[in-house]
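Residue numbers (the numbering used here): 9 to 164.
Worksheet for the structure shown next.
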């Protein structure tokens, strides 16, 4: 972030809050004209600061109201087992997020399903069939206290 000036940081902050903002509105908030604003946004995209733009959906409205946090331990910790698990999890659409973590478990997954019954089917027919899998511990999310999508931008 040290190579970003105050204006670039402000662009990142604004776009995180409203990715649908027009270039004209963005340039107005920045106090710049539209062409240099667009140039700065393109520069941030090309440099990888902005990875994409998405619509945030309500999971309950699309029948994915059951959320589970799943701790996974592998049988062994060889590079081959870890890569096999990475590749397998990447293909499971129910897995929204996968983190390789330290501690007692090896991975933490965020899994979404319609309901607990569907989650049970997911575990039995997909997750438990992974060769590298050792142990699974599931926690059902009762409610979401905080879900922040915006990263803090220092200096803005």
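Where is the CB? At the ideal position from N, CA and C, for every residue including glycine.
Just to confirm the assignment: which complete alpha helix (DSSP H) runs, minimum length 4, are found wholly within the stretch 121-151?
124-133
Shorter than 7 Å, the distance from the beta carbon of residue 156 to the closest heavy atom of the ligand SAM, or not?
Among the components of this structure there are no ligands whatsoever, and the ligand SAM is therefore not found.
Exposure label - residue 18; buried when at least 16 CB within 10 Å:
Buried is the call here.
Restricting to Cα atoms, I'd like to know which of 148, 11, 97 and 59 is closest to residue 125.
148
Give the straight-line distance between the Cα atoms of residue 61 and residue 81, rounded to the nearest whole angstrom.
33 Å
What's the C-alpha gap between residue 46 and residue 156?
26 Å
Kindly indicate which three-state DSSP category residue 169 falls into: helix, strand or coil?
It is not possible to answer for residue 169, since the shown part of the chain is limited to 9 through 164.
Give me the Cα-Cα distance between residue 21 and residue 91, rounded to the nearest whole angstrom.
34 Å
Would you report the Cα separation of residue 97 and residue 50, rounded to the nearest angstrom?
32 Å
Check whether the Cβ atoms of residue 122 and residue 105 sit closer than 8 Å, and answer yes or no.
no
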